[in-house]
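Protein chains in written order, with the numbering used here: chain A, 1 to 758; chain B, 1001 to 1159.
Okay, structure first, notes after.
Have a look at this one:
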């Protein structure tokens, strides 16, 4: 065991630096910016799931008083068609370009086909109604079964399946609606099932759902005649907005400045662009700045969703409860362009446990639905739904406690993970033990109540981060980060900075710098900011500390090696009579000792700490109505090290409730024409305060050996376990195993009726 | 035709012009540049635009600007008095009851309205009162605790 590090700030719960602005209404989100010459941009969207665009007539719209610009795909450069053609129809930039504005065909209900900019939002809406579009409706495919049928309508006639070289059944690689196939694992599952005393095989389905962030996508674009672009935009990464916008419009990156707005939730859904390239084109055409804000209906129809899945899973175990084999086939809808999270589904599905023989095969299926986007631990919750409910069934069959069965197989240091590597130090066992020892696990239950548990796993991401640390003459510190603060990362970065310098937390200010003021930084996603950008901040602070020691050495006229930094001051080793120099003193005199002091770091973060969570859910099922109520919930998670425990708990609680919504209520409902019937919060029902209980949390800390403070990412794991925890609890309460989400009251009633009829 | 409106907004006498069909939300945000009140849906389903009109809690997206003639409108921007945070605001900060913060203005306005009517609500009463305000980040736990603690503060029951 490594020596326990003592912290002064890490692990405390101070108020976040941006808190005051966010409780007083001063914080500026994507839609809160305005410029004096500003126009309002709006998008015309397809009423069809699949259609050829015969003609678009803009004359009447252009003639409307107050309209300053109208655009279609003709106004975007067609830059990537050749690249796609030479790659079997696949090019992600080509897909992005065709998603922001349809070219030739519309591929889903809600697909953008034209946009206008006018002096008011009302006039812009009116202008949209004056755009005359002729469509030739085409047959559409809406679900996995019809998309992969041999006679299916092709969404992209030129697109061949990737990842199938040499695979039986795919020879010839004819175009199909399967964009990609992946396979991974080790050993031979058939051999594993031969070794088993019990084998269970089941099939699971889930529906498209939306991230449901409360802030709609929004941006404001300003352009100059010499080609410069300024964008105010709410996103999970302003460098992402810069890079995608510049790429689609063929602009030098240096000419595009993206100023990050506060972001009103993303959960993965704001890791791409929809409006920004259109706002820039409209601004260029009109010579005015252009603001665009999606309506909630547009958010549902045209942004984000994580789509439907179908998973077949087989698990084998010995009588003693040792897993001998696992095999899964995963079909994930990727929307009209493919690009589903099926790879991550395949990688995570067996990840929490040791298997001698394991294989997962995934298919990325194109359907006439919106282009899918990441949603918190993309691909993993559906996979966990399958595995963790089959494990529950296996535990019952083997008459082994479900926690014990998991503990007997739990991944630990050295376990060969089903997705390739051997685990370093991970906290799967510790997390399960903490769950087992929690009073919730053994608390009594009432009639119609049941308890379920499940484990969740997520890799977490490292990626690229830059950080700057500037020492101010008064001894305060300004930290520059390139990551939008989506849930308190200013606080965690400030805590780590205060810890590094040994100064008061309140003396650190964290600024989210624009794309021209800080080095490149990847998106706020993958649970990476406190881990990776934190690492950059720690490194930049170390750079400053080294300079401070050098300045102190110069003042004292000694070698820098003799100076150490302790408790916020420079001290001369072995000489107690020499008064230490504080950060404030050194900062004040910086001009006389060599100039301003600042540190920088830019890195690709290595040593990501993989993370596990385990949840306990109690439900009560109303036998009359089929309504499932979550009555008690506990989330346990290995955070590695919780920098600001309140925000770690917040991630756990928020992820748990999102998962509860996914399990019980949320689904996109399409009619047979492929039109989304519930594009609003009234009919797409996310959990409200009266739907859920308090969410108890237990933070387990098994430090990540590769991070200076032991940090693992915490943001995504919490949404992985809830679905199976809820579904297992419903089984415990009703005796019915549900394998199709969501467990809405009508579906539960049908299940209960089926049981009583049997 | 624009309408001329006179109203008291966050304690200040204001005059503004609005379109006949303009919502109070759009007038607050786009005419008066009071962007503290947020739009999450525009259909009264999310509560991000919660304000009070003459003390009544409403979604500003469901009220016409022209309807507030002569009325008293309170938004999140008027909750802190003379730089002093309201106990609700303090508790939200201390307990990390916000992550992204976009729903926070609506929650604060709605919770303040609850505590003015019911100074000692149960957890269940808080949850049902706030059921019209959507939060996608927090799972509501820390919001509910903050409201209950702020209620105790206002009753003078906490130290």
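Where is the CB? At the ideal position from N, CA and C, for every residue including glycine.
Any 3 or more C-beta pairs closer than 8 Å across the stretch 171 to 182 of chain A and the stretch 221 to 240 of chain A: The way I'd put it, the stretch 171 to 182 of chain A doesn't touch the stretch 221 to 240 of chain A; fewer than three beta-carbon pairs between them come closer than 8 Å.
Stretch-stretch touch, CB-based, cutoff 8 Å, three pairs: the stretch 294 to 310 of chain A with the stretch 327 to 336 of chain A: Taking 8 Å as the limit for Cβ pairs, the verdict is that the stretch 327 to 336 of chain A does touch the stretch 294 to 310 of chain A.
9 Å Cβ cutoff, residue 29/A in contact with chain B: Yes, because at least one Cβ of chain B sits closer than 9 Å to the Cβ of residue 29/A.
Option in 364/A, 68/A, 513/A, 360/A with minimal Cα separation from residue 184/A: Comparing Cα positions, the closest option is 360/A.
Residue 1151/B (DSSP reduced to helix, strand or coil): Correct three-state label for residue 1151/B: helix.
At least 3 beta-carbon pairs within less than 8 Å: the stretch 646 to 662 of chain A vs the stretch 685 to 700 of chain A: Short answer: they touch.
Closer than 9 Å to chain A by CB, residue 1133/B: Yes, residue 1133/B counts as interfacial toward chain A.
Assigned exposure category for residue 448/A - 16 Cβ within 10 Å defines buried: Residue 448/A should be labelled exposed.
Stretch-stretch touch, CB-based, cutoff 8 Å, three pairs: the stretch 558 to 577 of chain A with the stretch 621 to 630 of chain A: Contact fails between the stretch 558 to 577 of chain A and the stretch 621 to 630 of chain A, because fewer than three Cβ pairs, one in each stretch, are under 8 Å apart.
Nearest-angstrom Cα separation, counted from residue 582/A out to residue 215/A: Taking the straight line joining both Cα atoms gives about 44 Å.
Within chain A, partners of residue 1064/B - CB distance below 8 Å: Simply none; closest approach about 14 Å.
The stretch 9 to 16 of chain A / the stretch 478 to 495 of chain A touching (three or more Cβ pairs under 8 Å): Verdict: yes, contact present.
Residue burial classification, residue 573/A (beta-carbon count within 10 angstroms, cutoff 16): Residue environment for residue 573/A: exposed (fewer than 16 other C-beta atoms within 10 angstroms of its C-beta).
Contacts around residue 72/A, its chain only, beta-carbon distance under 6 Å, and the 5 residues preceding and following it disregarded: 56, 114, listed in sequence order.
Stretch-stretch touch, CB-based, cutoff 8 Å, three pairs: the stretch 674 to 684 of chain A with the stretch 1112 to 1127 of chain B: Cβ pair count under 8 Å is below three, so no.
Per-residue DSSP class, three states only, for residue 466/A: DSSP places residue 466/A in strand when its eight states are reduced to three.
Chain A contacts from the stretch 1121 to 1154 of chain B (Cβ-Cβ distance under 9 Å): From the stretch 1121 to 1154 of chain B, only 1123, 1124, 1126, 1127, 1128, 1129, 1130, 1131, 1132, 1133, 1134, 1135, 1136, 1137, 1138, 1139, 1140, 1141, 1142, 1143, 1144, 1145 have a Cβ closer than 9 Å to chain A.
For residue 52/A, the nearest candidate out of 645/A, 108/A, 498/A (CA to CA): The shortest Cα separation from residue 52/A among 645/A, 108/A, 498/A belongs to 108/A.
Beta-bridge pairing of residue 231/A - partner residues as DSSP gives them: Under DSSP, residue 231/A forms a beta bridge with 221/A, 258/A.
Cβ of residue 1018/B within 9 Å of any chain A Cβ: By this cut-off, residue 1018/B is not an interface position.
Interfacial residues, the stretch 1072 to 1085 of chain B to chain A, with Cβ spacing under 8 Å: Contact annotation: in the stretch 1072 to 1085 of chain B, residues whose CB is within less than 8 Å of a CB in chain A are 1075, 1076, 1077, 1079, 1080, 1085.
Per-residue burial, residue 1147/B [other beta carbons within 10 Å of its own, 16 or more giving buried]: So residue 1147/B counts as buried.
9 Å Cβ cutoff met for residue 1020/B and residue 1005/B: 9 Å or more divides the Cβ of residue 1020/B from the Cβ of residue 1005/B.
Residue of 412/A, 591/A, 608/A minimising C-alpha distance to residue 554/A: It is 591/A whose Cα lies nearest to the Cα of residue 554/A.
Uninterrupted beta strand (DSSP E) stretches inside the stretch 632 to 702 of chain A (no shorter than 3 residues): Counting whole runs of 3 or more residues, the stretch 632 to 702 of chain A contains the beta strand (DSSP E) stretches 695 to 700.
Cβ-Cβ distance between residue 39/A and residue 291/A below 9 Å: Taking C-beta atoms as the reference points, residue 39/A and residue 291/A count as a pair closer than 9 Å.
Beta carbon proximity, residue 267/A to chain B, threshold 9 Å: At least one chain B Cβ lies under 9 Å of residue 267/A.
Neighbourhood of residue 126/A by C-beta, 7 Å cutoff - its chain only, sequence neighbours within 5 removed: Cβ neighbours of residue 126/A beyond the five flanking positions: 64.
Where the alpha helix (DSSP H) through residue 301/A begins and ends: Here the alpha helix (DSSP H) through residue 301/A covers 296 to 302.
Neighbour flag for residue 646/A against chain B, beta carbons, 9 Å: Yes - at least one Cβ of chain B is within 9 Å of the one on residue 646/A.
Residue 507/A vs residue 476/A beta-carbon contact at 9 Å: Result yes, Cβ atoms of residue 507/A and residue 476/A sit closer than 9 Å.
Distance CB(residue 462/A)-CB(residue 604/A) smaller than 9 Å: Contact: yes.
Beta-carbon gap between residue 315/A and residue 382/A smaller than 9 Å: No, Cβ-Cβ distance for residue 315/A and residue 382/A is not below 9 Å.
In chain order, each beta strand (DSSP E) run of at least 3 residues that lies wholly inside the stretch 349 to 393 of chain A: Whole beta strand (DSSP E) segments, 3+ residues: 358 to 366.
Sequence-distant residues of the same chain with beta carbon closer than 8 Å to residue 1099/B, five excluded per side: So the qualifying residues of the chain are 1137, 1138.
Meets three-Cβ-pair contact criterion under 8 Å: the stretch 450 to 458 of chain A and the stretch 716 to 736 of chain A: With contact defined as three or more Cβ pairs closer than 8 Å, the stretch 450 to 458 of chain A and the stretch 716 to 736 of chain A are in contact.
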